[in-house]
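Letter by letter, the sequence shown follows residues 1 to 403 in UniProt numbering.
Take a look at the structure set out below.
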Amino acid sequence: MAYVPPHKRHSKDSGAPLPSPERIPPHSKKNPNVNPSNSYAGRSGKIIYAEQAVSRWYAVGLDDHSRLPPSVSLRPISLESIERKIGEKPLILVTTSQLTGDMGVTCTRSPAEIITENVLHDLLSSFENVRSQMQVRSSEEVKPTLVARFGKVLFHGRPFAAQEAMQKGFAAGVRLGHFKRSFYTNIPTPYMEKITSEESPKIGFNFEEEKDVFHVKLSDASRPDATISCKCRVIKEPKKLQMYKIELNQVRHMVADISSLTKNLDLRLMLCSKRILTDLKDDEMQCIQDLIHSAILDPNVKGGLRWALGKTCSRDRFSVVGVWHTIAKTYRTPSLRLKVRHADRFDFRTSTGESTSEVYLKLKRIVSKLQVCEVDMGLISEMLEQELRLIWDHFLNCDHFLG
Numbered sequence: 001m002a003y004v005p006p007h008k009r010h011s012k013d014s015g016a017p018l019p020s021p022e023r024i025p026p027h028s029k030k031n032p033n034v035n036p037s038n039s040y041a042g043r044s045g046k047i048i049y050a051e052q053a054v055s056r057w058y059a060v061g062l063d064d065h066s067r068l069p070p071s072v073s074l075r076p077i078s079l080e081s082i083e084r085k086i087g088e089k090p091l092i093l094v095t096t097s098q099l100t101g102d103m104g105v106t107c108t109r110s111p112a113e114i115i116t117e118n119v120l121h122d123l124l125s126s127f128e129n130v131r132s133q134m135q136v137r138s139s140e141e142v143k144p145t146l147v148a149r150f151g152k153v154l155f156h157g158r159p160f161a162a163q164e165a166m167q168k169g170f171a172a173g174v175r176l177g178h179f180k181r182s183f184y185t186n187i188p189t190p191y192m193e194k195i196t197s198e199e200s201p202k203i204g205f206n207f208e209e210e211k212d213v214f215h216v217k218l219s220d221a222s223r224p225d226a227t228i229s230c231k232c233r234v235i236k237e238p239k240k241l242q243m244y245k246i247e248l249n250q251v252r253h254m255v256a257d258i259s260s261l262t263k264n265l266d267l268r269l270m271l272c273s274k275r276i277l278t279d280l281k282d283d284e285m286q287c288i289q290d291l292i293h294s295a296i297l298d299p300n301v302k303g304g305l306r307w308a309l310g311k312t313c314s315r316d317r318f319s320v321v322g323v324w325h326t327i328a329k330t331y332r333t334p335s336l337r338l339k340v341r342h343a344d345r346f347d348f349r350t351s352t353g354e355s356t357s358e359v360y361l362k363l364k365r366i367v368s369k370l371q372v373c374e375v376d377m378g379l380i381s382e383m384l385e386q387e388l389r390l391i392w393d394h395f396l397n398c399d400h401f402l403g
């Protein structure tokens, strides 16, 4: 069946939730954090959006008139790491019918089909923006990635106003979509174990590798709107850091947050581009190397690294703003790459740290097909729906997650 963009669809597509369009304004050097309406810029890095970035929220499990069922409500939840950053408790959608699976909602189409219909147009148009970026960037190697993350959509704002939007019923998805939100990805350990030991073998994932990596985050006086990330490994003799890759912040082009009213976990689909620096001058490289080599390995501090007093800056150009220590296991199929990651982070600017466990998928095959000259929309739609069906069946069940 031919693809029909959202603005041309007829009302007979009653099972699809109403989208809430949000355009993220372009960043400027004057205010690099302008309107971060759907995320918080933490974890030792700034969240960067492309000029035409699109961010939307959907709910799967609405009734035939795109209304939230009576069993669904918004509830504040205590998350120390979030409250410390934004100063208030976030809100999550909860339902009294998740355990029974009886939402009182009838829908003739599958969740994978509904999500594909809502996301496809944004994915195709956003990838055209990525393609343009790849053509004009001469000093950076640009690599696009389509990622599926698992966790919980968090809403931020006054609980009374949020609940009032819920009680309006009709088109509640549009109203809630305009609330500030973020995506919480810290997954319980039993869920991670289930994914690696039970679900991934069922799907056909094969273990690929395990990596132990330090990510040293640097600010650059010549790039005030960016953060440099230096990927490093530990060499044994002598025991110190060895840098092997330098990247800039990821640029987000599309973010689709999907709240599932029948599952324990929500889904974020994100199209972003990774920017690898390839033309640093010798003196710039030396400044960065000096900072890396002066790091002291210390398992007793957050992030696993520390610097002697006065050693976190280099020639008034680069300075350390954060560090991540990640241990990640990778599994793969011909079309997907699964990452199960433990991350220990420390932000030097706020003197705060956190440890998280995360699971996410990279949709490699779809990105590969999007990079061809003539994109087959029907094929992309079919592949996306297939991957979403797999995600829905295997990755969104987690007992007692923020419930």
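C-beta: ideal position from N, C-alpha, C; glycine also.
Nearest to residue i (by Cα), restricted to the options the options
| i | options | result |
| --- | --- | --- |
| Asp376 | Leu363, Leu120, Ile258 and Leu338 | Leu120 |
| Ser132 | His253, Ile228 and Gly151 | His253 |
| Ser357 | Arg345, Ser351 and Val367 | Arg345 |
| Pro70 | Leu261, Glu140 and Lys194 | Leu261 |
| Phe401 | Cys230, Pro188, Phe214 and Glu198 | Pro188 |
| Pro90 | Pro111, Arg181 and Ile246 | Arg181 |
| Gln250 | Asn186, Val54, Met270 and Leu265 | Met270 |
| Cys230 | Arg349, Met192, Cys287 and Tyr184 | Cys287 |
| Ser81 | Thr278, Lys236, Gly353 and Gln386 | Gly353 |
| Lys339 | Leu79, Gly151, Ile86 and Glu208 | Glu208 |
| Asp212 | Ala59, Leu154, His325 and Asp279 | His325 |
Neighbour-count burial assignment, residue i, 16 or more Cβ in a 10 Å radius
| i | result |
| --- | --- |
| Pro76 | exposed |
| Pro190 | exposed |
| Asp282 | exposed |
| Tyr244 | exposed |
| Met383 | buried |
| Ala308 | exposed |
| Val321 | buried |
| Pro334 | exposed |
| Val34 | In this prediction, Val34 scores a pLDDT of 33, lower than 50, which makes its location untrustworthy; the coordinate-derived value is nonetheless stated afterwards. Classification for Val34: exposed. |
| Arg233 | exposed |
| Ile114 | buried |
| Ser351 | exposed |
Per DSSP, cross-strand counterpart(s) of residue i
| i | result |
| --- | --- |
| Thr352 | Asp347 |
| Cys287 | Note: Cys287 sits in no beta bridge, so no partner. |
| Trp324 | His215 and Arg345 |
| Leu154 | Ser182 |
| Phe207 | Tyr331 |
| Met383 | Looking at the DSSP assignment, Met383 forms no beta bridge with any residue, so it has no partner. |
| Gln242 | Arg233 |
| Lys251 | Looking at the sequence provided, one finds Val at residue 251 rather than Lys. Ile48 and Ser273, per the DSSP bridge assignment. |
| Pro144 | Ser273 |
| Ile228 | Leu218 and Leu248 |
| Ala53 | In the DSSP output, where bridge partners are listed per residue, Ala53 has none listed. |
| Leu93 | Leu74 |
Rounded separation between residue i and residue j - CA only
| i | j | result |
| --- | --- | --- |
| Glu374 | Val130 | 15 Å |
| Ile48 | Asn397 | 30 Å |
| Ile258 | Pro238 | 47 Å |
| Gly101 | Arg158 | Low confidence applies to Gly101: its pLDDT is 47, below 50, so where it sits in the model is not reliable, and the reading given next is rough at best. So the two alpha carbons sit approximately 29 Å from each other. |
| Lys369 | Ile380 | 7 Å |
| Glu83 | Arg268 | 21 Å |
| Ser273 | Lys194 | 30 Å |
| Leu336 | Phe395 | 13 Å |
| Glu198 | Ile228 | 37 Å |
| Gly42 | Glu128 | Model confidence at Gly42 stands at a pLDDT of 43, short of 50, so the residue's coordinates are unreliable; what they give is reported in the following sentence. Each residue's Cα considered, the two are about 28 Å apart. |
| Thr108 | Thr116 | 15 Å |
| Arg56 | Leu124 | 15 Å |
| Lys143 | Ala50 | 14 Å |
| residue 405 | Lys217 | What is shown of the chain runs 1 to 403, which leaves residue 405 out entirely. |
| Lys236 | Gln242 | 10 Å |
| Leu176 | Val136 | 37 Å |
| Tyr54 | Asn118 | The sequence shown places Val at residue 54, rather than the Tyr named in the question. Each residue's alpha carbon lies about 13 Å from the other. |
| Val72 | Lys240 | 52 Å |
| Asp122 | Ala256 | 9 Å |
| His178 | Leu68 | 16 Å |
| His156 | Tyr184 | 12 Å |
| Lys263 | Gln52 | 31 Å |
| Ser110 | Tyr58 | 15 Å |
| Lys311 | Leu277 | 24 Å |
| Leu390 | Ala112 | 9 Å |
| Asp399 | Val323 | 31 Å |
(message) For the pair the segment 88-97 and the segment 287-301, tell me if three or more CB-CB distances fall below 8 Å.
(response) no
(message) Does the structure place the segment 138-148 close enough to the segment 360-379 that three or more beta carbon pairs sit under 8 Å?
(response) yes
(request) Give a yes or no on contact between the segment 298-305 and the segment 194-212, applying the rule of three or more CB pairs nearer than 8 Å. (result) no
(request) For the segment 207-222 and the segment 311-328, state whether three or more C-beta atom pairs, one from each stretch, are separated by less than 8 Å. (result) yes
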